[in-house]
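S.K.: So that we are looking at the same thing, I have put the structure below in structure tokens.
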RNA sequence: GCGCCCUUCGUCUAUCGGUUAGGACGACAGCCUUUCACGUUGUAAAGACGGGUUCGACUCCCGUAGGGCGCGCCA
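In this note's numbering, the protein residues as written are 104 to 587.
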């Protein structure tokens, strides 16, 4: 159990409820994925629940496509949520109700400033190098002053003195002077609620006990805290996780390639590897680097989350991914690979070939293939020789290996292979090694030309495995194609 | 401009006042070897800077520098 140090006493603490609350204006980006992972891991660790809420109150930018991209991304990563995903927009009536409640309590007021006036106010402040904040024009005006025909917004009447404190698990005790927080709009002039109001109402109504999100929300946390207090509600336990930066230290952006998790899928990363990598970014458990998801759940705690931003390191992800590919049972890798193929160039074709009869050969080759692949893309590339049709095209290195000397070596080994009673790797290895020894050749002088003729490349799994996987007829034919 | 936050090897991090500052990725060198990969052995590599506090600071405090985030009728 994670013992909460602030607010709730351990004895009285209710089951943990976390939530992941993305706004559907694009795909699930990598930072969001990690936030979801942390929420998920914490909920699982405590035996609590993780809820999912789609923050779709911005009708202009929210799309159905983005919602399904986010859901798909979460599913692919293996992060399940409890219950149905909640649409924030659908709860607008409730948000309005709370806005009016705040009005009644004297903790909110109508503001008749137009967007243009506000823009002018901001411009003025900037020109005079003052902080840009709402100046409180309508904060204490009488209702009778309202201009006719203007639809007002509702603003929250924020405390002007003192300070707001956020007791944050990652950030520690953060103190924000109230004078730096202005009266934010909670209900737009069209009657629709804004983010900070909706979040507070939803988190409260959904019974969220722990909020885990990016530090970019830290200032919002202060404003939201004020709303909780104004409503007399318990403030949830907060954890603001540092952001993930690109390899150059700047904010992760399109420039760095992969933004959405589906891009990571297309690059051939395994969900388990990405989970492990992401967990290690900003969270640690001693010196542990490689751990299962079960261990993550067992170990995960808010207190071990760091405060400083981390850079995304593809080299490390790749290393981890290679580890996972090697360590994962063949049948699981196969399943992942088949699920991966539709998402990459050349994948659908390979999938068709597999389903068209090449599955057996691929399955036999998989143990040798996966030993060498750091990503599923590499697996796909290195498996290509299985699907090639004769005569095999050769890459430059393969051509170099099949010079006069190489071809002569192949001609010498053909009868040896043809004479084999059983077409199995150990038998071929013994026979070819004996042949090499008798001929006074180093094994490499035979193996490399064989590799070139059989795969069209200078690298492949062990050559005897390749021979076996290809089968007697196909293998001998490929050798003869390139030994003349 | 104002507010908040951050700063240990190139990167991710351990350290919770006393360590030869540890691990991992990456790099480099060697070994293994039919190629590649794996594996394995080893090497280089860090407390931003300046002041305090203390018998003793990477660790606590202050300042400086650099960086991040926030400041919408976006979320």
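The C-beta atom is built at its ideal place from N, Cα and C for all residues, glycine as well.
1) In the structure shown, what three-state DSSP assignment does residue 184 receive?
2) Near residue 144, what residues of its chain come up, given a Cβ to Cβ distance below 8 Å and the 5 sequence neighbours on each side ignored?
3) Could you say if the segment 415-423 and the segment 372-381 meet the contact criterion of at least three C-beta pairs nearer than 8 Å?
4) Which one of 347, 246, 305 has the shortest CA to CA distance from residue 319?
5) Would you kindly work out how many angstroms separate the C-alpha atoms of residue 587 and residue 508, rounded to a whole number?
6) My output table needs one value for residue 190: the three-state DSSP class, helix, strand or coil.
7) If you run the structure through DSSP and keep just helix, strand and coil, what is residue 307?
8) Which class does residue 154 belong to by DSSP, given the choice of helix, strand or coil?
9) List the residues that DSSP assigns as beta-bridge partners of residue 266.
10) Taking C-beta to C-beta, are residue 197 and residue 308 nearer than 8 Å?
11) Which whole-angstrom value is the C-beta distance of residue 132 and residue 362, which I expect to be below 8 Å?
12) Would the segment 278-288 count as touching the segment 225-232 if we require 3 or more Cβ pairs under 8 Å?
13) Using the Cβ count rule (16 or more neighbours within 10 Å means buried), how would you classify residue 108?
14) Just reading off the alpha helix (DSSP H) that residue 490 is part of, what are its end residues?
15) Out of 261, 304, 429, 210, which has the shortest C-alpha to C-alpha gap to residue 375?
16) Throw me the rounded Cβ distance for the residue 154 and residue 189 pair, which I believe falls under 8 Å.
17) Throw me the rounded Cβ distance for the residue 164 and residue 128 pair, which I believe falls under 8 Å.
18) Could you give the C-beta distance for residue 465 and residue 457, rounded to a whole number, given that I count them as a contact under 8 Å?
19) Taking only runs that begin and end inside the segment 340-419, name each unbroken alpha helix (DSSP H) of 4 or more residues, in chain order.
20) With H, G and I counted as helix, E and B as strand and the rest as coil, what does DSSP make of residue 601?
21) If you scan the segment 309-341 from start to end, which runs of the beta strand (DSSP E) of 3 or more residues do you find wholly inside it?
22) Go ahead and pull the three-state DSSP assignment for residue 201.
23) Output yes or no for whether 8 Å exceeds the beta carbon distance between residue 298 and residue 249.
24) Compare the C-alpha of residue 386 against each of 405, 554, 181 and name the closest.
25) For residue 412, I'd like the list of residues in its chain whose CB is within less than 6 Å of its CB, leaving aside the five on either flank, ordered along the chain.
26) Could you check where the beta strand (DSSP E) with residue 121 kicks off and where it finishes?
27) Could you name the residues of the same chain whose beta carbon sits closer than 7 Å to that of residue 185, not counting the 5 residues immediately before and after it, in chain order?
28) To the nearest angstrom, how far is the alpha carbon of residue 530 from that of residue 446?
29) Considering residue 131, what are the terminal residues of the alpha helix (DSSP H) in which it resides?
30) Could you check what DSSP says for residue 432 in three-state terms: helix, strand or coil?
31) So residue 563 and residue 498 are in contact, right, with Cβ under 8 Å, and what is the actual spacing, rounded?
32) Could you tell me whether the segment 484-499 touches the segment 542-553, where touching means 3 or more Cβ pairs closer than 8 Å?
33) Helix, strand or coil, according to DSSP, for residue 225 in the structure here?
34) Excluding sequence positions up to five away, which residues of its chain have a Cβ less than 8 Å from the Cβ of residue 350?
35) Find the nearest neighbour of residue 201 within the set 393, 170, 305, judged by alpha-carbon distance.
36) From the DSSP output, which residues share a beta bridge with residue 259?
M.R.: According to the structure data:
1) Here residue 184 refers to the residue found at position 81 of the first chain. Here residue 184 sits in coil by DSSP.
2) The count along the first chain starts at 1 and reaches residue 144 at position 41. Within the same chain, residue 144 has close Cβ partners 382, 399, 400, 403.
3) Result yes; three or more Cβ-Cβ pairs closer than 8 Å.
4) On the first chain, position 216 is the one that residue 319 refers to. Per the Cα distances, 347.
5) Your numbering for residue 587 matches position 484 in the first chain. Your numbering for residue 508 matches position 405 in the first chain. Near 12 Å, if we compare the C-alpha coordinates of residue 508 and residue 587.
6) Position 87 of the first chain, counted from the start, is the residue given in the question as residue 190. Strand, per DSSP.
7) The count along the first chain starts at 1 and reaches residue 307 at position 204. Helix.
8) Numbered from its first residue, the first chain carries residue 154 at position 51. Here residue 154 sits in strand by DSSP.
9) Translated into the one-based positions of the first chain, residue 266 becomes position 163. Bridge partners of residue 266: 280.
10) Here residue 197 is taken as the residue at index 94 of the first chain, counted from 1. Here residue 308 is taken as the residue at index 205 of the first chain, counted from 1. Cβ atoms of residue 197 and residue 308: closer than 8 Å.
11) The residue labelled residue 132 in the question sits at position 29 within the first chain. The residue labelled residue 362 in the question sits at position 259 within the first chain. Confirmed, about 5 Å.
12) no
13) Against the first chain, residue 108 aligns to sequence position 5. Low per-residue confidence applies at residue 108: pLDDT is 38, beneath 50, and the placement is therefore not dependable enough to give any value.
14) What you label residue 490 is simply residue 387 of the first chain in a count that begins at 1. From DSSP, the alpha helix (DSSP H) with residue 490 extends over 487-490.
15) By one-based count along the first chain, residue 375 stands at place 272. Of 261, 304, 429, 210, the residue nearest in Cα terms is 429.
16) Walking along the first chain from the start, residue 154 turns up at place 51. Walking along the first chain from the start, residue 189 turns up at place 86. Between residue 189 and residue 154 the Cβ distance is about 7 Å, and since that is below 8 Å, they are a contact.
17) For the purposes of this step, residue 164 is taken as the residue at position 61 of the first chain. For the purposes of this step, residue 128 is taken as the residue at position 25 of the first chain. About 4 Å; that satisfies the 8 Å criterion.
18) Taking the first residue of the first chain as position 1, residue 465 is located at position 362. Taking the first residue of the first chain as position 1, residue 457 is located at position 354. So it is a contact: roughly 6 Å between Cβ atoms.
19) 364-369, 374-382, 396-402
20) In the structure displayed, the chain extends from 104 to 587; residue 601 sits before or after that span and is not available.
21) 313-317
22) By one-based count along the first chain, residue 201 stands at place 98. Three-state result, residue 201: helix.
23) Position 195 of the first chain, counted from the start, is the residue given in the question as residue 298. Position 146 of the first chain, counted from the start, is the residue given in the question as residue 249. No.
24) Here residue 386 refers to the residue found at position 283 when the first chain is read from its first residue. Cα-wise, what sits closest to residue 386 is 405.
25) Translated into the one-based positions of the first chain, residue 412 becomes position 309. The beta carbon of residue 412 is closer than 6 Å to those of 345, 346, 348 in its chain, skipping five residues each way along the sequence.
26) On the first chain, residue 121 is found 18 positions in, with the first residue counted as 1. Start and end: 120-123.
27) Here residue 185 refers to the residue found at position 82 of the first chain. Only 152, 153, 154 meet the Cβ criterion.
28) Numbered from its first residue, the first chain carries residue 530 at position 427. Numbered from its first residue, the first chain carries residue 446 at position 343. Near 39 Å, if we compare the C-alpha coordinates of residue 446 and residue 530.
29) Within the first chain, numbered from 1, the residue matching residue 131 stands at position 28. Element bounds for residue 131: n/a, residue is neither H nor E.
30) Here residue 432 corresponds to residue number 329 of the first chain, with the count starting at 1. Three-state result, residue 432: coil.
31) One-based indexing of the first chain puts residue 563 at position 460. One-based indexing of the first chain puts residue 498 at position 395. Rounded, the Cβ-Cβ distance is 12 Å, inconsistent with contact.
32) Contact between the segment 484-499 and the segment 542-553 is absent: fewer than three C-beta pairs spanning the two stretches fall below 8 Å.
33) On the first chain, position 122 is the one that residue 225 refers to. Three-state DSSP puts residue 225 in a helix.
34) Here the question's residue 350 lines up with position 247 in the first chain. The residues are 359, 414, 415, 416, 417.
35) Position 98 of the first chain holds residue 201. That would be 305, whose Cα lies nearest to the Cα of residue 201.
36) The residue you call residue 259 lines up with position 156 of the first chain. Beta-bridge pairing links residue 259 to 211.
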